[in-house]
Each structure stands twice: as C-alpha cells, then as structure tokens.
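Report on one structure; see the data block that follows.
Protein chains: 4
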Amino acid sequence: MQNEKLHEECGVFGIYDRSGEDEVAAKTYLALYALQHRGQETCGIVVNDEGVMRSHKDRGLVPDVFGHGALERLGKGQIAIGHVLYAAKPVQSRSSAQPLMVRHVKGPMALGTNGALVNAHELREEIERSGGIFHTDTDAEVISYMITRERLSAPSIEVAVERAVPRLRGAFSMVISSPTKLIAVRDPWGFRPLSMGRIGDDQIVFASETCAFDSIGATFVRDLRPGEIVVVDPKGERSIETHCGRRGNVCVFEYVYFARPDSVIEGASVHMARQRAGAFLAKEHPVEADVVIGVPDSGLDAAMGYARESGIPYGVGFIKNRYVGRTFIQPTQMEREALVRIKLNAVAATVKDKRVVMVDDSIVRGTTTAHIVELLRAAGAREVHMRISSPPFMNPCYFGTDIDSRDKLIACRLSLPEIARETGVDSIGFLSVPDVERIAEGAHCGFCTGCFTGKYPIEVPAEMPANKFDCPIPESVKNKKK
Amino acid sequence: MQNEKLHEECGVFGIYDRSGEDEVAAKTYLALYALQHRGQETCGIVVNDEGVMRSHKDRGLVPDVFGHGALERLGKGQIAIGHVLYAAKPVQSRSSAQPLMVRHVKGPMALGTNGALVNAHELREEIERSGGIFHTDTDAEVISYMITRERLSAPSIEVAVERAVPRLRGAFSMVISSPTKLIAVRDPWGFRPLSMGRIGDDQIVFASETCAFDSIGATFVRDLRPGEIVVVDPKGERSIETHCGRRGNVCVFEYVYFARPDSVIEGASVHMARQRAGAFLAKEHPVEADVVIGVPDSGLDAAMGYARESGIPYGVGFIKNRYVGRTFIQPTQMEREALVRIKLNAVAATVKDKRVVMVDDSIVRGTTTAHIVELLRAAGAREVHMRISSPPFMNPCYFGTDIDSRDKLIACRLSLPEIARETGVDSIGFLSVPDVERIAEGAHCGFCTGCFTGKYPIEVPAEMPANKFDCPIPESVKNKKK
Amino acid sequence: MQNEKLHEECGVFGIYDRSGEDEVAAKTYLALYALQHRGQETCGIVVNDEGVMRSHKDRGLVPDVFGHGALERLGKGQIAIGHVLYAAKPVQSRSSAQPLMVRHVKGPMALGTNGALVNAHELREEIERSGGIFHTDTDAEVISYMITRERLSAPSIEVAVERAVPRLRGAFSMVISSPTKLIAVRDPWGFRPLSMGRIGDDQIVFASETCAFDSIGATFVRDLRPGEIVVVDPKGERSIETHCGRRGNVCVFEYVYFARPDSVIEGASVHMARQRAGAFLAKEHPVEADVVIGVPDSGLDAAMGYARESGIPYGVGFIKNRYVGRTFIQPTQMEREALVRIKLNAVAATVKDKRVVMVDDSIVRGTTTAHIVELLRAAGAREVHMRISSPPFMNPCYFGTDIDSRDKLIACRLSLPEIARETGVDSIGFLSVPDVERIAEGAHCGFCTGCFTGKYPIEVPAEMPANKFDCPIPESVKNKKK
Amino acid sequence: MQNEKLHEECGVFGIYDRSGEDEVAAKTYLALYALQHRGQETCGIVVNDEGVMRSHKDRGLVPDVFGHGALERLGKGQIAIGHVLYAAKPVQSRSSAQPLMVRHVKGPMALGTNGALVNAHELREEIERSGGIFHTDTDAEVISYMITRERLSAPSIEVAVERAVPRLRGAFSMVISSPTKLIAVRDPWGFRPLSMGRIGDDQIVFASETCAFDSIGATFVRDLRPGEIVVVDPKGERSIETHCGRRGNVCVFEYVYFARPDSVIEGASVHMARQRAGAFLAKEHPVEADVVIGVPDSGLDAAMGYARESGIPYGVGFIKNRYVGRTFIQPTQMEREALVRIKLNAVAATVKDKRVVMVDDSIVRGTTTAHIVELLRAAGAREVHMRISSPPFMNPCYFGTDIDSRDKLIACRLSLPEIARETGVDSIGFLSVPDVERIAEGAHCGFCTGCFTGKYPIEVPAEMPANKFDCPIPESVKNKKK
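This is how it looks when you write it as structure tokens:
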C-alpha cells in the first residue's frame, strides 16, 4: 500500500544524440515512464537543440504531463534531460518541478538532480548574502548557483562543475545540459545510483536505473563511480575523476524497495537481491507453515525467496485491484478500512485453514498492515507469520528518502511483541542489518544503512531537521522558520 | 497485453438494504470497482429510495465517473443496482450505458444485464411493429420492453419477469429494480455467473463475481441456478424456479481469463482453475527447461501450475510497468514495438542463458506475443517454449464475448508450426478442449466451449452476424443493415 | 443579470442540402451558436447521411460540446438538425438533451422541439397503457411516440406527422429528420417563432430565429404559418396546411427579451420592437430627468427608445464585465452583493449628480434590481426612476417559459409603491398590456400575453402544475407525484 | 474583434489590511476580475500573512485559475498583491506568470509590474556577470534583482526600492510585498496608470485602474505621481518622492482602447474621453449620413460622441454574440469569414438603405474591418463611412503595448484611399494627433503618442528590437539572439 511506504524522491535521465534526430524527447519520455516509480508528483523534460532549450514540466504523471501534444512541441535536439520527482508534501509551486532551467551570462543551463544536500541551508545563505535571489526551495537551485558562479571564471562548464562539486555535501546524482554538452555527476559518496548506457554509436544515455535503458533499447555500459563527472559533447565522452576515490555507499533501500526489480545497480540484480533477502529471512526467522505469500507488489520477490529457502510452498495470497490508482475516491460514508479492501483481496483458495507466512518488504506505521492481516483472517488463515525483508526503521534519512517522524514509526513506538499484537500476527521477524548488507550479491560498493543504524557515511549537522530533503517545502513552513 | 485479449462485456451488481441507510450507493461503487475488469467503457449506478430513482452513468472508469460528488448526489436508498460495460467499438451515445432506466405505466424500472441475446433482432422488430420506439441498440432495452409489456397484465413485476424470460434466448445475468423490489435473474442456460451474498441480516446483494462481495464485506450465499429469478422485497427474498431445470453451461473463459482470480464461480476457485490449467498443460506439453515464467498478469497463475507439475523452477520473467494505463501516449516517432517495451520488461537475472517456458492464457492475433518473445531473446533467453492455458480460438461467440473476426485469429490463419515460427518460439503447446473442461475442479455446472469447438449450448441462427453482442453498435452500421 | 430573468427553453435549427456536401454539421454548429441565448444547458446535432444518422449531444455550451473533434466526427450528410435547451432545474440525465433520436420499424427519426404541451401528461399515460416505455420526461419523447405510432399505418412520415399534430395541444416549433426528409412543424397556435430560409439553390434551412440565418449566410424566405408542416426532400419543398387557419399568438416576450435584437419575427424587427417599447414607456410614464440609461444588455434598446421619445439624453450608465461567465466563483467570504458589483459597474461620469431614468426589460424577484440601483446611488445618482419595458408578471406560463412561482414574483407580492421602496427607486413604471401588444410594428400575428393577463390562447387544464415545461424534471420530483 | 486589436500587457493590484481579516485574497480576486481586460494569459495572487507568503498563479482567466478552492487555499493575510498578464506570444513556461516571488537574505519578496523597461537587456547582462542566474525572461525578475541587491546594504526595503528606481528606464507601475510592507511604485515618466484607494480606515489599495476599486467597494484617493513610491505598513502610509518631478506621459491608448470605460485616469473619465474622441472626429471628418453606429464594444462610446456632435442619429448597428469566447472552434470546413459572422451580426433594421457612419477605435491590419463592412453591405447599407477615433499606428511601442510589425500595419502599407478601397468603405477618417491629445479632458498629465508619431518621452536605443515587451519570449527565440 503506497501510503504505508517510504518514498524516494527522484529519478533522472539524460541523452546525447550526435546524429541530432528527433527522438531525444520521445526517448526521454519513455525513460521517465520506466522511472515513474521513483517519483509521481512532478515530471519534466528539457530538449536542447543547438543551444536553444525548450522545456515542459508540470505536476502529474508522465503520460498526463506529456499528452496533448506537449511531447511533440519539444521538438528535436541533440540533448535532452528528464526528471521525475516525488514530494513528501504537496508541491505548492509548479516552478519547483525539475529539470530546473536557468540563464546566466554564459548561456542557458538545465539541471535535474536526485538526492539531498546536508549543507543546502549554509550554501543558500552564502549565495543570498552575495546578491542572489531564490525562486524555489530546491537543492537544484542551490547547485545551479554554485555552478554558474564558478562558471564566471572557469574556462568551461565542466570545469565549473568540477570546482562546484567539493562545495556540495550529501547525495546528488545529476544530469546537466549546457548549450553544447551533456554532463552527468554522481556525488563522491555514491548514495544514489547513476548508470551510463549507449544506443548504437551515436547516443550516450544516463539514468537513475537501468530499467530505463531497456525501455529505449539502450545497452548498459557501466555505473558512474562515486564522485565521477562524465562529459559528453561532439568530441565524444570523457570522465573527470578529480573527486573519485571513496567507496560508494548505496542506499540499501534501493535494493529493498525503491528500485524496479528489473534494474541492476552496481552489478547486482534488484530482483535477485530481494529473493536473497527473503532467503536470509527464512534462515533468520524460520517458522512451521503451509504456505508463503507476499504482499503485492514489492513483497512478492522476497516471499519467493523465503519459500525456496524454507521449502514451504509459495502461493498467491492476494489479488491487487489494478484499477485502483491515484483517483480512488473513498465514499465519505465508508470507513478507512474499505480502502484496503478495495485495493487488495485475499485469495481464500490459497490461505483458508492454512498457516501462512506473509512477507512484506517493510513496515512503517503499521496500520495498513493490520488491515491486511485482517483480510487473511477473514479468508480463513489459521496462523499469520509476518516476515519483513529489511531491518526496522528507527532513524531519519538525510539523503533523499522521506521517512515518517519517529513518533509515528511503529518500530520506534513498540517492541517486537507489541508490534505483533498491534498488527494481529502470530509472530514477526525482521531481517538483520548484517544480512541486509549482503543481499546485493556481487555489488561493487558499500551501503548506507543509516535509517536502520543511525550511522551515516557523512557527518550530519546536529541541528539539521530530520527529513530534510530536496523537495519544495511549502513557503509557509519555510518562512516560518526564518 | 490488453489489446491482444478477448473481452467480456459487462458486470452487474445489486443490493437491497432493508434498513435503508445511506450506504447502498457507496457499496455499489466499491463493488463496481471490484468488477471493473469486466468492463471499462461505461459504468452506472441507480439508487432507489422508496420508489424515487436517481441515476448516474457515463463513459469512463468507476472512479472517474463517480468522482466530483456524483456518488454523494445519488443519496440514500433501499435498493441500488450498478453496471460496468465493455464495448467492442467506441460507444457513440452515452445513453447506451447501463443500468437502463425506463418509466412505464406501473412506475419506473432500472435494469442492468450481462450477456447477449441471440433473438434480439426478432424481438426488436416485433416490438417496433406494435408501436414501440428504441433509443439504443442494447439488449437491455429489448428486455425492458418484454418485461413492461407483460407488466400491463401481470399482477406484479416478478410475474412480468417470469413471463418475459421464456421469450429471451441467449445469455443474460441481470439485476432489476422496481420501485419496491430488487430482482436478480440468470438465463436458463447459465452462460454468465451470478451470485448472491449477504451483509448482516438486513442486506442481500447480487454480483457477477464474488470478488465484489469481498470488497464490501459481504458473505457469499450461493450462485443463482440457471433460469432462477430471485425477488427481494420488504418481506424477504424468495425464488421463482419456473425456468430452472437445465444444467448450466458457464463460459469456460470466465475461468481462463475473464474473472478475477480471487472469485469463486459455481464453487470453483478461479485462481485454482488457472493453476490446474497450467498443471494439465505441463502434462500435455512437457519440455526440458530451466525456468517457467508467466506473462503478467493473467498468465502467472497457470505458470505456477506448470512449474509445480513439471518440477521446473518458477521465476519472475517480466516486470510490468504499473503506471502504464489507459493514458499511454505513444510518441508518434516511435515504432509500435516500443509500446510493448514500455509495458513489460524482461528480467535478465531470471532468463539469461536459460531455457524458458513462457505461459500465457491465450493468443489472439499473435503480434504482441512476437514482441514479448523478442524481449526474452534480448534478455538472453536461450530457448523459449510457449504454453497456452486454453485451446485455440477458432469460432465466434454469440453470448457476450468479443472475439476478433476469423481472418485475424492466428489459430485460424496458421498451423501450429507456423504460429511458432511467426511468434519466434522454439515450441508451442495449447491446452486441449477435454482438459480445459476439467480445470474448474468441483464446479457444479457444465461449460460452454463454443469458441474452441463451434458447438454451442443453444441453437445459433445461421444468418446471425458473428460477434453479435450486447453493445451499442454505431448507428451507421446498424442502419445500413436495414 | 441572468439569474433575475425569465428563461426560454429552446432553439431549433434544421438544414437540408441537396448537394450533400460536408457542411451541414458546420452550418448547424454556427446556427446553434447564434441561437445559444435560447438555451445554455444542453445542445446537440444529428447529421443524416443517406439514412445513417450520427448524433452528438451533451450538457454545456455549443463550443464546449462540439470542441475536441466532435463536430468533425459527425461527418457529412444531406440533413442536419440541431437544438439548444435551457433547463429550469439542473438536468439529471444527459439523455434528455435533444435532438431525440429514436428507432422504429420504419427506420430512425430525429426530432428537436421548442415549446411545451399542455396535454403531455395524458398522452404519456395513454402510451404507457398500450405498452410504451419512457426514457425521459420530455415532450420530445411523447411527440416521437405519437408520430411513430401513426407511422405504422401512414403511407409516409409526413402523413404520420400530419395525423399526429391534432393530438398535440400546446406550443411546439419543431424540426424532424427521417432517413430522407427534413420536416419543420409549427403548432396551430403559433406560440413560438419558426422561420424558413435558403442558401443558394440547393439548401433549405429552418430556425427558431432569423439571426441563425445571418450567421451562415442564408437568406430569409418566410415564417412558417401556425399549423404549417413543411417537408423537404429530394423533390423539393412542399407545405401541408391541413392544420393552418388560426391566427398566430406569438409569445410577446420573444420581442421583449428572449429573441436576439437582430432577429426579425413575423415581419417585425426585435430591435425596433424594443425601441418602440421604450418609446411607449416614455409616453406612459414620463418623468423629468437628465439622462436615460439601460441595464445591459437587454435594457439598452428600450432605453434608447425612451430617450428618443422623451428628448432626455441617452447615456451609458453601466459597464458590464465581459469576462464574467458561467464560471464566476464567488469567494465564500464575500456577500452576495459582490456578485452584482463584479458583473456591472456604474459609470459615474454619466450618472453623478444626475436624475437618472433606468430602463430594464423586466423585473422578476427584484433583489438584483435593488443591488443595481445601489450602484447608481453609490456613483452619485441623485434620483433613480425605474422604467420597465413590459407589464408585470403575475401568472404562470404553460408554453415553454420558466417563470418563478407566484410567491417569489415581486409583482405578485407587492404593490407598485412597495416595489419602488423595496428596490430603492424614486419612481417606477411598467409598460401597459395594450402597449406591449403594439411594440412589434407590422407583425402579421397576434400575441400571447398570458403571463401578464392570465388569459391564454388555449384552454389550460385547471389541475396542471404551474410552470409545466418541456424540460427534464428530476426523476425524484416526477416519481413522487405518482 | 480581439485579434485585430492592440494589446496591453498587464494589470496590477495590491491591498494592505491592517485588521488582517481573511478578505485580502477575495478582494484581490474581485479586483483582478475587474482588471481582466488588461491581460488574459496568466494571473496570480500572493497573500502575505505575517511574513509567510502563499502564491497561486497559472495560465488562464481569473475565474478558471482561482476556482476549485485555489482562492480559499491562499488563506488570510494582511497584504495581497495580484497580477494579470497579456502575452503576445503563447507563454512557454508558467513560471513567467506574476507576481514573481523570490527569496533573498532579508526574506521573501513578491512583485508584479505593468510596463516594459528599455534597458532590461543591459541590466540583465550586468547581473549575470556578477553571479546572478535567471529563471525567466521577464522585467519583473530584472527588477527583483535590482531591488534585492540594493537591499543587501539598504536599511529597509523601501530604501532599496528608492535606490533601484533610478537604474530602471521605461514603463513600470508596480506593487511589491515584503514580509511587512506593501509598496507601490510608478515610473518617473508615468507611462502606465496606477491609483491609490481606500476601504474604511484600515485598508489601502492600489490598482492599475479605478474600476477595480468599484468592484470591491473601495473609494478612490488619488493617482500616484510619476516617480512616486508609496509605502504602507502598520504605521500607516507614506510617500517617497525622490524621483518625482517629471510631468506624466500617460499612454494615450489607455483612454482610446485599453482601459475600461468606467475607469478614471489622471482625473479624466475614460468613457468621456472616448465620447470626446468621437466628437472631435465628427468635426475633423464630417459626412452626410443617416445613422452613426459603433463597432462593439470599444467603438460604441466614440460613435455616441460622433452622433451627438454631428446631429446624425445614433443607432445599434451590430449585435455581438455574447457566447463567443476564447473557446470558439471554427469548423475546419468554413472559411475564416464565418468567424466574423458568428461574432457580429448587422442589424438590418438600423442600416438598411441607410448612409452609415461606422466608428471604430483603431484599425490594425484591416482584414477584419473588411469583413465587418461586408456585413453592413449585406444588411443593405447604402454607404459606409469609416471613422477611427485615434490616429493611424505607424511605429513600435517600447513601453508595454504589443503592436504588429510595420509590414502588417495597414497604415504603414497603404495610403488613405488605398485603405478605404481595401476595407470597402466609401470614405475614411482618422482622428488627428493634436485632437487625440485633447480627449482626456481635465487630465493632469501629458501623453505618450509615440506609436503615432515615433517621438517617445524617453530615449529608445537604436538597436532595440521593435515590440520589446515585458512578456516571456519563447526561449528558442531569445537564445537564438545570443
């Protein structure tokens, strides 16, 4: 259930097509479609045709925003970048949608980023004190300033980026278009994924996830290294590695829930990582049962892994109503529980009179879980054993994930037996931190597990608000703080 | 892929609430949500509050049609009936949406039906010759006339229905509201499902599928018998069995594809029937392979059945993009193949270098299948063995299913080896007719398999157009015929 | 101000184009645009292409309903008919929009009518008792039945119409399309206007008002005679005059307010009739004043007439905000008076320190009038003398005009001095009945002034509800009556 | 006809309510409604509640943008400013809508401006060279930078504004909200109007036109002096007159066409100015005729003036279809001429067999005029004498009016006799420049007549593009220039 899940904020995509045919907008559109799960609040595309940039962005899903001829109006070009954004709070101003397009003395620049800076506040103040003005509350605007100010003295846009990066602390996987160049940048800590691909000889692409490559027929080339800057221009692509050196710390939740199962991050299949999580879970928390089921969609892979490891048969425990979308309108006279019942239905043929292992990937507040468990009981399940394929959330994320405040997190509020009682299950088991760090088999990186452990790869300012993230906070809230 | 599938036309729902509280509209809304897979073209609800009927219906999905206060405006009542409709051709006139509401000398009547009559044309002519006029081209209007004309002399609405039924030949599962009664009717041949349920002591409900009961917390009571008329009024419910006697002939495709897996029809679980279909398929068409995968969503159950029976591991072969809906806009400059690639993506981790059994429930034209197979090849599958959990379509349906014309059906055009070649698979196998008749284990009915065999439970007029169905054919077409 | 006005229900249009080019839909669209003032609730067009009829109708204004390709989808044809409808109460069901299209044994028929029958209720009961069913609560459906039932035995559609007309009592100006003929009918009492025009040699048109002819470049031929039936088919046009004979009784309010000033009805210019009304008013109710102003838009013509006759200068007293349309949203925190202020503003340069004669065409409830007078006072008017270019409404209309119930009509509630006091004017004067009957100089007809006098050209059933009109009354209301 | 008219770009409004009740948003909404004629492309409102600013702006008309709860969501506050914008070319990016809201070191600032700077390009370059970045192509963003940069050293926002004004050359009437102050500024040349009003003791308002005051019940206090800065805060209002001194040069076209007739600018009634223009025209270009008519809506006042001065009777020559709005859809198969015919219709009763003086306020390209003249001829007018209540346009405007390029202006292309021939009139006469400067009787200002004479009150850079204006030029165009 969406409203019981953590949310990742953004997905980015960029394409450079030497041949300059009219497909860069269409390919960006298809890629954003494939990245839609990373952000459903706003989306946007900027097309760069020989230095002339056309932009379209708005609130809404990719097909809604780019219908009605919007895609066609973007026209042809050599470069396009795209962005999907999730916002924790409703976006007040459409101007916060990305890519952000700014003009400065050396021409226009468009930029889309995924992640969150921990020093955005300091940088913003520094810029304002030297005459800058801000239209939005986004990290994207802060980063744009840092780059364009360097650009005043730098010999090229890539040198400006290179000089700006050391000032930025936090998570940022980003794509930038200058009038003639496409630049991709991954922060030196490697929090968020960013991959490079290729279509034929003429086209280089970058995307937050490799599933975007499949959707446009691109082949995966490699992941960007933490700190790497890749520049693509008519002369080809080249890498600036000044800021490389650290080992990556990919957010482990990318494997557990955020990324699409058909994506491969740092060499490890997300689908396989989830099955492994389920298998580890079976070892850590075995139970005698008749059937293993997953909570659709994201709990299914781990459930299969659990079933395979435990030898207990895998079954289809729930049917998800595929017509329940954003537009679900709850009749005012119905209780909230109906919402769960219309979205999911238990398959009695699978669970009736059975001891059921129900696998889900995470549990945030726990209220929806309780309703789901009721569905199983009503369908005749004799026992329900909940297994969660990640450790309990206990801490804020400073790098782009929106986590509920601590007082709402069930794992902060209650002990394990209390959680079991509150959600109505017969037993409960979470994956351990050491095991969650092993699910991405073969990944050539380390992981950030700060939300489970409270230990982060980068120093977090004590006074920083929890849940600081790169999304437009309503003006009211922000201004109040000042 | 939707556009490669057969389509069922309709779903019906009815509720009688003795207590007359204000939830009949909301419950009908939730039930139609659960029945949405049976029809996405139009939907409608009629609420009957002590003889005053309020109606709302329109083109579009349930949440779209009933948003913006439409549901609230229906108000409270004792009876509500609802309908979802699939239309093979775009509906020209909204007035064809159901429930159909008519007024006659004994007051208003609302009616929603699922199925198709084979003698609609004759009845229509008879009515017109005696002074009737038609606003739509629907069976619902023909049936309304047959009932209201009997009503002129009949002592009650249920007697009028009882007298009208023998005149109707074909498939009709319907719900009717008179000012004071809710009536459910199933045709004497039992082509389409229709079940009765209960909420507490005061509420009786009817629905095309039992999944609608789960969505509103109703408990299943029983299926209507073929030919049965159930009347619910303030005195309780009673059954008129004058036309009962025949053994049912449920459309076997309800089990194979139309119905939701969490529904139970005539005592047999749809989910289990699909798994059994897969298991039979494994016996009929075994193959040496490394993994069994299903084409989402409807091929998954049969794939699991195949895997279990064959002992070959089950795997997740495809990820479906859950944001691709009705609004997908294909960039004009992209080839049609991109449509498949954005909807589905193969999971390389599952199929790379593997011999793959790919299970789907049916194959209509075959073009989409070819694209899906390409996805597997591109992801590295070494062999692809296609298994179809139903026999090949070769004949028209006269009872409410929209089947392509024969010259487009791949099974009519090509031999098995040719189908394999055209779709690019290494081998192909369809379920046999005798086995498809065994999938619904425990069902207390027979089956209609006319679309596979050309033998129908009822005589089909030779001159009848193939694909005659209860959907508004554009006026132009109809009038041309006259 | 719209909400203080009487409303006419409908406008009709029909075109027959022997050449059968693709302009009949477009011309009907333009004609309905010109007739939009006669009805803003629903509109529709039916195009008849060699017996194949295509229809599009919906709630909304003409440009909204026929945008997005709807007009183009109607295609080409030889005949088209169109209709705009005003509904006193919100239309519950779109199926009440006209033209009504029905099918019967002799083929399809489309029909649009303007007016109201006084014996609709009787006819409806008669039809229901002989096996008819009703989908709507419109006179159009009753008339359709009367015609199609005659058609069963009549040798042609026009003979069926001829036989049906004597059964219909009340106001009906209508256009009918059969598969090959366009038929226009005006009721024998001539309540509502209906004119015939011509475009070149090949096209015959009919419209409620001549302004529709101007919008499509047609030339006026003549008004239909009361009771006349005109048939247009490939052989040309011919008239059936069986029911002619009575002198017409045109609703005088067509001249006063309903019709567009650029229309000519029964030979009399509406614009000139309004100026004459103003001139008569000046003679009946002279006053010493400095300036004569009109309430936009419909009071302006009469104000000019008053000014010319009285010799008092004409001035522009109000500016109407041309951006206030249907979509005006009143801030919830503002009082209702703001609505008047945003729609109209007084021109201080015209009225300051002046004795003002303010001319309007009618006064219904009086509340808006009071707010308008306040605007003049606030702008500095020293005296305000209200002159109304029609007599006071005191009686219901049974022929197609929606008049408020008596207890809301200011002229029923209050005496003249009380009206002056309640609306805040210094003096008040209404046009007399004898004078209102003289405003349409040269008109070759009599007038219906029943709403002023209570005397109608046709017997009105005593038990009939006031305000019976040809508009879909909500089902709830109707059914309650039974 | 709209598409044959010049366009003004913007209207501004601001309110300060000491009591801080919840009406500032609603009043701004009503005021923008009254100013809608000054700009229909975008509109926006910013509400300032104790330093917390909430903004809503979008493309579309005021009622469309602020429907659906948008107004309510703005909430209560002490200050609100609003803006309507006309854009010569379709606005690519919604972020160009005003008020522009920026954040800088001293807090947020919102700003809306009407007019155009001649040195925007220079200032923009200066800002970019010192590290600024631009999101839009608007003067508003340039002005925001100029003010916020001064703000870094200035002791208050008003001193920052005072220091910034001398850097700005051109037309700007603007309203600014800081966290605690409402500031109104009029440029030192006084190109565009800006008035101050009052509601009770607690509320001060500013608006581009006084008609906005009437719509909210405010009383006019005075016009701002050219160069004046008025600051309103909790201590009251005060004026900064450092930059005052010049005599105003109000755009004379404000009187001729832009402003609403019920507005009063610099002490002169717009309605009266138009009547005087007509009267002068009658003296300059007399003709023997039977009737004087105006082209609705803006030619009517001048026609009345002409009639009164000449003694020829005034008549209503045209009826405008009040349902033709933005949404008019021209049937593709109809010629463009139909557009004129559906919008306007000639009143034959007025013009038939008459010698007609047709008065309009201006003529741009002349094509629509030709169609209008045809309407009169078709209605039987014997002679048509066109009189234009302003001099011919021959030159670009640099101060906020969008004038067609010279090669399209009929007065640049053709001589007077040629214009008469091309538009089909019997004679033609334009108002002279000396007379147009006298129409605003009693106005305490001079006038800018640059578009007629080519002489501007301020030096215009030779290399400046014609039609430079404060509207978002599509990025493509802008960037191309660089």
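Chains as they are written, first to last, in the working numbering: chain A, 69 to 550; chain B, 69 to 550; chain C, 69 to 550; chain D, 69 to 550.
Ideal Cβ positions, reconstructed from N, Cα and C, are used throughout, including at glycine.
On a predicted model such as this, the values are computed, not experimentally measured, just so you know.
First through last residue of the alpha helix (DSSP H) which encompasses residue 442 (chain B)
435-446
Using a Cβ-Cβ cut-off of 8 Å, state whether residue 102 (chain C) counts as contacting chain D.
yes
Anything in chain A within Cβ reach of residue 551 (chain D), meaning under 8 Å, just list it in chain order.
Since the first residue shown for chain D is 69 and the last is 550, residue 551 (chain D) is missing from the structure and cannot be characterised.
Own chain residues within Cβ distance below 7 Å of residue 138 (chain D), not counting five before or after
124
contact_flag[the region 335-353 of chain C, the region 446-460 of chain C] where n(CB pairs < 8 Å) is 3 or more
yes
Under a CB-based cut-off of 8 Å, is residue 542 (chain D) close to chain C?
Confidence is the limiting factor: at residue 542 (chain D) the pLDDT is only 31, short of 50, which leaves the residue's position unreliable, though a coordinate-based value still follows. For residue 542 (chain D), the answer is no, since every Cβ of chain C falls outside 8 Å of its Cβ.
Straight-line Cα distance separating residue 365 (chain B) from residue 250 (chain B):
35 Å
Which word fits residue 527 (chain A), buried or exposed, when buried means at least 16 other C-beta atoms lie within 10 angstroms of its C-beta?
exposed
Helix, strand or coil at residue 240 (chain A) [DSSP, three-state]:
In the structure shown, residue 240 (chain A) sits in coil (DSSP, three-state: anything other than H, G, I, E or B).
Shorter than 8 Å from the beta carbon of residue 339 (chain C) to some beta carbon of chain D?
yes
Kindly identify the DSSP beta-bridge partner or partners of residue 207 (chain C).
In DSSP, residue 207 (chain C) forms no bridge with anything.
For the region 280-291 of chain A, which residues have a CB atom closer than 9 Å to at least one CB atom of chain B, in sequence order?
282, 283, 284 and 285
Select from the region 467-488 of chain D all residues with a C-beta closer than 7 Å to any C-beta belonging to chain A, and list them in chain order.
For the region 467-488 of chain D, the set of residues with a beta-carbon nearer than 7 Å to any beta-carbon of chain A is empty.
Which two residues bound the contiguous alpha helix (DSSP H) that contains residue 520 (chain A)?
518-521
Classification of residue 268 (chain B) by the beta-carbon crowding that lies within 10 angstroms, buried from 16 upward:
A residue is called buried once 16 or more other Cβ atoms fall within 10 Å of its Cβ, and residue 268 (chain B), having fewer, is exposed.
For a quick check, are the C-beta atoms of residue 218 (chain B) and residue 254 (chain B) less than 8 Å apart?
no
Taking only the alpha-carbon atoms, compute the straight-line gap between residue 52 (chain B) and residue 484 (chain B) and give it to the nearest angstrom.
This structure does not reach residue 52 (chain B), given that chain B is present from 69 up to 550, and the question cannot be answered.
Give the residues of chain B in contact with residue 212 (chain C), contact being defined as C-beta atoms less than 7 Å apart.
Against chain B, a Cβ distance below 7 Å from residue 212 (chain C) picks out 201.
By how many angstroms is the C-alpha of residue 142 (chain B) removed from the C-alpha of residue 326 (chain C)?
Their Cα atoms are separated by approximately 34 Å.
Proximal residues to residue 116 (chain D) (C-beta, below 6 Å), its chain only, five neighbours per side dropped:
145, 147 and 245
Residue 160 (chain B) to residue 406 (chain A), Cα distance in whole Å?
Low confidence applies here, because residue 160 (chain B) scores a pLDDT of 49, under 50, leaving its location unreliable; read the following figure in that light. Computed Cα separation, rounded: 35 Å.
If you draw a straight line from the C-alpha of residue 130 (chain C) to the C-alpha of residue 111 (chain C), how long is it?
So the alpha carbons of these two residues sit roughly 6 Å apart.
What are the residues of the region 214-245 of chain A that lie near chain D, defined by any Cβ-Cβ distance shorter than 8 Å?
Listed by position, the residues of the region 214-245 of chain A near chain D (Cβ gap below 8 Å) are 216, 217 and 220.
Quick check on the burial criterion: 16 or more other C-beta atoms within 10 angstroms. Buried or exposed for residue 430 (chain A)?
buried
Report the three-state DSSP secondary structure of residue 223 (chain D) (helix, strand or coil).
Residue 223 (chain D) falls in the coil class under three-state DSSP.
Would a check of beta-carbon distances place residue 493 (chain C) closer than 8 Å to chain D?
no
Excluding the 5 residues flanking residue 37 (chain D) on each side, which residues of the same chain have their C-beta closer than 8 Å to its C-beta?
Residue 37 (chain D) is absent from the structure shown; chain D starts at 69 and stops at 550.
DSSP puts residue 79 (chain C) in a beta bridge; with which residues?
C:152
In chain C, which residues lie with their C-beta within 9 Å of the C-beta of residue 193 (chain B)?
173
Count Cβ pairs between the region 305-317 of chain A and the region 365-379 of chain B that sit closer than 8 Å; are there 3 or more?
no
Those residues which DSSP pairs with residue 110 (chain C) across a bridge
C:127 and C:153
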